[in-house]
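Accompanying notes for the structure given below.
The following block contains the structure:
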């Protein structure tokens, strides 16, 4: 089946072509191109840097030419599921149809599953199975190791490809690895073959439940499965890369938005004035991230007056207690020296000199007047001359006392200037917890003393007042530091939050430009992708329509175009179904059998895609819930696919083999039977008549059974052979006359006895059982009558004649009936 | 062959690999089991109601509750319908499974044992 087209033009080439014609503007075109190449290339375009690591994808792969044109040659299973001792299904490694029929529980599905398990070697696929399945995979009737072995042939290779999976005794389902051995090569792990992708995409193993799940499962699963066969992997990959990039680029902005309300609340609740500053910075976009970043590192803000004042308080620097002690001591020493000189000649001389100096000053202003002190002599120039001389004389004598007085004045001044004025900050608002009043009082007390106190007062009180001042300043500073520390501690976590948020907000700022370009690229690629999808789907629809045309038979459902629709979580497959010419019907109008047929119509094309390395397809029970008419269509379809593919079909009853035989389609049919102890046997299954005849002949010859038993069983097989011959003749005649399958089946089921069946077959009337013997005699002779009677009676009473003659008479009659 | 002998043969086909029966043992086994049931019924009627011997299995099963216990009849009926279907050709039916055959075999063995015992009781009572 080549309906899916030969080699398809690669999707990347189609996209590049469209980019040349009508690509998006600017960097978006580069982004689309890069998304086709891979994650690394996309990274390069987005960041402008070179990614690390080796970018040549070829170097990792071996130089080995991949295997293609694979056919199955045998499936050998031992100790797995329903199969105990080793059972082997041999297949013609080439195109053709093989049907394996077996009752449920005969082990046929075990063959299919074992083959799939060995080849897929993918635990994921099996881990979805029920616990019962996973625990019960090992056959109960065998101990020791379990084993699955496949033989395959590959185009252009001599020899066989062998795939094996062996479980040691006691191992779990996962406790084994599939191995592969190519011709003239050592065994190695199957995982080295890179088959998992083609197995997933082309699914050469298709089971009934999977067909059902594909059609009635989640719409997105069907979409994905179909998309994979359309060869759209590159498109999907590119879309995914761009979408991932968009998500990644959008992530910081989303995060920043998401965290912002919480951050705002926190800032609103925070007492620190920095909080309201920060709040202002993020109240609306664009955010003032510079401010946030500064606050985040705990930076003080100029307008935070209280904090500034508290810092100033902390910076108040007073002289040390030692300094004040030294100054006071100096004052005390100077004062003592002055006191100790009282009454000494030097002191007297100093005092008289001081008096004369004052008199001279008076005389200079009032020359020639009488002395204001004694009212005696006139103070004239002569007096002044002699007074000058006397002062000079007296000062010489008073020198020591003068120095002492000078020192006293200097020491007093030193104490007064030791402490400066009270800093202005003490009078300002220092917040709720800090009050400068006490310090201001202490400072005032000091200033009062220092400003007008005598030396004696200073000596007496300066040290105490100073100590009081130091103590109160120290107390105030302690308070200020505590408040500052508390504020800083309360701010720390907010600062950290601001820092991390600012980082996210910054990266979202940086990503904004990239994001816009990536969005543009995504929009463009989505539109281009939809066109490509529709185009590809149209090709698939053609094949599906062919398949459906073969399968639909009596169905009134017509299959129209199939489309891949929607995107991301909304993606689904839209199938245009027409019922009795009315369009727009949903899939729900279809019966279970029709849905499965649809599943086959949709998914057979992918298993038979020319791109698949597997030339075989294994279908497990596609016949369930199909009516006989569809089985006929299925038989034709499978034979058609079998023209250039190896088709292996497992089925639970004889409907498909019957249709194949009746339509004379080329096929090999096997029947699986399972004895007690899980002994599974495979026998070639011919048409039922030949089969019964064969059985009868074989048993007539065997000496293994006692004579009595043998006779009964041979008669039974002969009777079944005649019944089957009647069925075949009646069915062929009725269907040829255009009678519906279901009506034929009803008629055959009603005629239960051999006599009725012969009446229907010979006289076209099941009720004319009494005319059967004459009719037989007339048409086919006495031997036919003998065979009929023997077949009827021999199952109850032992046939007395020669069993071999009996069988041959039966053969003649059966062939005559079918002719 | 007696019913017991037939049952032994059918059991042999079911539980061991008998040469020459590859793939055809299920239907052969069904035939032998079916014959064992017919045989047991015939022997029983021969002792209890000789007129019933030649009237076919279905009528025999219909009148059986009048003579034997209802439970025996139920077992015999189930086995009979299964075996009759397996030993006629039916379109699209594959051969019966080992599990089905084992079930019918067990049913028939029980029926044979019960009918043999019942028949002898009647004999004793008649004398």
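Chains as they are written, first to last, in the numbering used here: chain R, 7 to 825; chain P, 545 to 671. Backbone N, C-alpha and C define an ideal beta-carbon position, used for all residues, glycine too.
Counting only the same chain and skipping the five closest in sequence on each side, list residues whose C-beta sits under 8 Å from that of residue 150 of chain R.
Here residue 150 of chain R refers to the residue found at position 144 when the first chain is read from its first residue. Correct list, in chain order: 85, 175.
Check whether the Cβ of residue 798 of chain R lies closer than 9 Å to any Cβ atom in chain A.
Absent here is chain A; the protein component of the structure consists of chains R and P.
Nearest-angstrom Cα distance between residue 812 of chain R and residue 597 of chain P?
Along the first chain, read from residue 1 onward, the residue named residue 812 of chain R stands at position 806. Along the second chain, read from residue 1 onward, the residue named residue 597 of chain P stands at position 53. Note on geometry: alpha-carbon atoms of residue 812 of chain R and residue 597 of chain P lie some 26 Å from one another.
First and last residue of the uninterrupted alpha helix (DSSP H) at residue 317 of chain R
Looking up residue 317 of chain R in the first chain gives position 311. Run containing residue 317 of chain R: 311 to 321, per the alpha helix (DSSP H) assignment.
If contacts are defined as beta-carbon pairs under 8 Å, then residue 612 of chain R and residue 651 of chain R qualify, I think. What distance do you get, rounded to the angstrom?
Stepping through the first chain from its first residue, residue 612 of chain R is reached at position 606. Stepping through the first chain from its first residue, residue 651 of chain R is reached at position 645. Beta-carbon to beta-carbon, residue 612 of chain R and residue 651 of chain R are separated by about 12 Å, too far to satisfy the 8 Å threshold.
Name the chain R residues whose beta carbon is nearer than 7 Å to that of residue 566 of chain P?
The residue you call residue 566 of chain P lines up with position 22 of the second chain. By Cβ distance, chain R contributes 687, 689.
Helix, strand or coil: which one does DSSP assign to residue 189 of chain R?
As a position in the first chain, residue 189 of chain R is number 183, starting the count at 1. DSSP places residue 189 of chain R in the coil class of the three-state scheme, outside both helix and strand.
Please return the same chain residues whose Cβ sits closer than 8 Å to the Cβ of residue 110 of chain R, not counting the five positions on each side in sequence.
The residue labelled residue 110 of chain R in the question sits at position 104 within the first chain. These residues qualify, in order along the chain: 658.
Roughly how many angstroms lie between the CA atoms of residue 639 of chain P and residue 632 of chain R, to the nearest whole one?
Numbered from 1 along the second chain, position 95 holds the residue referred to as residue 639 of chain P. Numbered from 1 along the first chain, position 626 holds the residue referred to as residue 632 of chain R. Distance from the CA atom of residue 639 of chain P to the CA atom of residue 632 of chain R, rounded to whole angstroms, is 21 Å.
For residue 17 of chain R, would you say it is in contact with chain P, using Cβ-to-Cβ distances shorter than 9 Å as the test?
Position 11 of the first chain, counted from the start, is the residue given in the question as residue 17 of chain R. It does not: the Cβ of residue 17 of chain R has no partner Cβ on chain P nearer than 9 Å.
Is the separation between the beta-carbon of residue 475 of chain R and that of residue 295 of chain R shorter than 9 Å?
Mapped onto the first chain, residue 475 of chain R falls at position 469. Mapped onto the first chain, residue 295 of chain R falls at position 289. No, the pair does not count as a contact, with Cβ atoms beyond the cut-off.
Residue 680 of chain R in three-state terms, based on DSSP:
Here residue 680 of chain R refers to the residue found at position 674 when the first chain is read from its first residue. Here residue 680 of chain R carries a strand assignment [DSSP, helix/strand/coil].
In this structure, does DSSP put residue 594 of chain P in helix, strand or coil?
Residue mapping note: residue 594 of chain P aligns to position 50 of the second chain, counting from 1. It is helical.
Nearest-angstrom Cα distance between residue 158 of chain R and residue 513 of chain R?
As a working mapping, residue 158 of chain R is identified with position 152 in the first chain. As a working mapping, residue 513 of chain R is identified with position 507 in the first chain. Cα to Cα, the separation comes out at about 56 Å.
Burial state of residue 402 of chain R (16 or more Cβ within 10 Å)
In the first chain, counting from the first residue as 1, residue 402 of chain R sits at position 396. Exposed.
Contact set between residue 571 of chain P and chain R, taken where Cβ atoms lie within less than 9 Å:
By one-based count along the second chain, residue 571 of chain P stands at place 27. Under the 9 Å cutoff, chain R gives 698, 701, 719, 722, 723, 726.
Would you please verify whether the beta carbon of residue 112 of chain R is less than 9 Å from any beta carbon of chain P?
Against the first chain, residue 112 of chain R aligns to sequence position 106. Judged by the 9 Å Cβ criterion, residue 112 of chain R is in contact with chain P.
Looking at C-beta atoms only, is the number of pairs between the segment 503 to 523 of chain R and the segment 285 to 301 of chain R that lie closer than 8 Å three or more?
Enough Cβ pairs lie closer than 8 Å, so yes.
Contact under 9 Å by Cβ, residue 288 of chain R with residue 270 of chain R:
If you number the first chain from 1, residue 288 of chain R lands on position 282. If you number the first chain from 1, residue 270 of chain R lands on position 264. Going by C-beta atoms, residue 288 of chain R is nearer than 9 Å to residue 270 of chain R.
Please report the distance separating the alpha-carbon of residue 81 of chain R from that of residue 604 of chain R.
As a working mapping, residue 81 of chain R is identified with position 75 in the first chain. As a working mapping, residue 604 of chain R is identified with position 598 in the first chain. Separation of residue 81 of chain R and residue 604 of chain R (C-alpha to C-alpha, rounded to the nearest whole angstrom) is 29 Å.
How about residue 565 of chain R and residue 582 of chain R: are their beta carbons less than 9 Å apart?
As a first step, residue 565 of chain R must be located in the first chain, where it is residue number 559. As a first step, residue 582 of chain R must be located in the first chain, where it is residue number 576. For the 9 Å CB-CB criterion, residue 565 of chain R and residue 582 of chain R form a contact.
Taking its Cβ as the centre, do 16 or more other Cβ atoms sit within 10 Å of residue 341 of chain R, making it buried, or is it exposed?
For this step, residue 341 of chain R is matched to residue 335 along the first chain. Residue 341 of chain R comes out buried.
Using a threshold of 9 Å, state whether the C-beta atoms of residue 103 of chain R and residue 655 of chain R are closer than that.
As a position in the first chain, residue 103 of chain R is number 97, starting the count at 1. As a position in the first chain, residue 655 of chain R is number 649, starting the count at 1. In contact: residue 103 of chain R and residue 655 of chain R (Cβ atoms closer than 9 Å).
Going along the chain, which residues of its own chain have a beta-carbon closer than 6 Å to the beta-carbon of residue 439 of chain R, five neighbours each way excluded?
The count along the first chain starts at 1 and reaches residue 439 of chain R at position 433. Residues of the same chain with a CB within less than 6 Å of the CB of residue 439 of chain R, apart from the 5 flanking positions on each side, are 489 in chain order.
Can you tell me the Cβ-Cβ gap for residue 112 of chain R and residue 680 of chain R, rounded? I've got them flagged as a contact below 8 Å.
By 1-based counting over the first chain, the position of residue 112 of chain R is 106. By 1-based counting over the first chain, the position of residue 680 of chain R is 674. Contact flag correct, Cβ pair sits at about 5 Å.
Can you list, in chain order, the residues of its chain with a C-beta nearer than 7 Å to that of residue 333 of chain R? Leave out the 5 residues immediately preceding and following it.
By one-based count along the first chain, residue 333 of chain R stands at place 327. Within the same chain, Cβ atoms closer than 7 Å to the Cβ of residue 333 of chain R are found at 420, 421, 424, the five residues on either side in sequence being excluded.
8 Å contact criterion, which residue 478 of chain R and residue 445 of chain R should meet: CB distance rounded
Reading the first chain from its first residue, position 472 is the one you call residue 478 of chain R. Reading the first chain from its first residue, position 439 is the one you call residue 445 of chain R. About 5 Å separates the two Cβ atoms, so the contact holds.
Quick check: what's the CA-CA separation for residue 660 of chain P versus residue 735 of chain R?
If you number the second chain from 1, residue 660 of chain P lands on position 116. If you number the first chain from 1, residue 735 of chain R lands on position 729. When rounded, the distance between both Cα atoms is 44 Å.
Within 10 angstroms of the Cβ of residue 209 of chain R, are there 16 or more other Cβ atoms? Answer buried if so, exposed if not.
Translated into positions along the first chain, residue 209 of chain R becomes position 203. By the neighbour-count rule (16 or more Cβ atoms within 10 Å), residue 209 of chain R is buried.
Output needed in chain order: residues of the segment 634 to 648 of chain P with a Cβ under 9 Å from some Cβ in chain R.
Residues passing the 9 Å Cβ filter: 634, 635, 636, 637, 638, 639, 640, 641, 642, 643, 644, 645, 646.
Reduced DSSP secondary structure (H/G/I, E/B, other) of residue 386 of chain R
Taking the first chain and counting its residues from 1, the one referred to as residue 386 of chain R is at position 380. Here residue 386 of chain R sits in coil by DSSP.
To which residues does DSSP link residue 173 of chain R through a beta bridge?
Taking the first residue of the first chain as 1, we reach residue 173 of chain R at position 167. Looking at the DSSP assignment, residue 173 of chain R forms a beta bridge with R:152.
Inspect the CB distances between the segment 392 to 409 of chain R and the segment 317 to 331 of chain R and report whether three or more fall short of 8 Å.
Verdict: no, contact absent.
Using a Cβ cut-off of 9 Å (strictly closer), state whether residue 738 of chain R contacts chain P.
Position 732 of the first chain, counting from 1, holds the residue named residue 738 of chain R. Not one chain P Cβ lies under 9 Å of residue 738 of chain R.
Close beta carbons around residue 218 of chain R, own chain, < 6 Å, minus the five adjacent residues each side
The count along the first chain starts at 1 and reaches residue 218 of chain R at position 212. Once the five neighbours on either side are set aside, residue 218 of chain R has no close Cβ partner at all.
Reducing DSSP to helix, strand and coil, say where residue 626 of chain R ends up.
Within the first chain, residue 626 of chain R is the residue found at index 620, counting from 1. DSSP places residue 626 of chain R in strand when its eight states are reduced to three.
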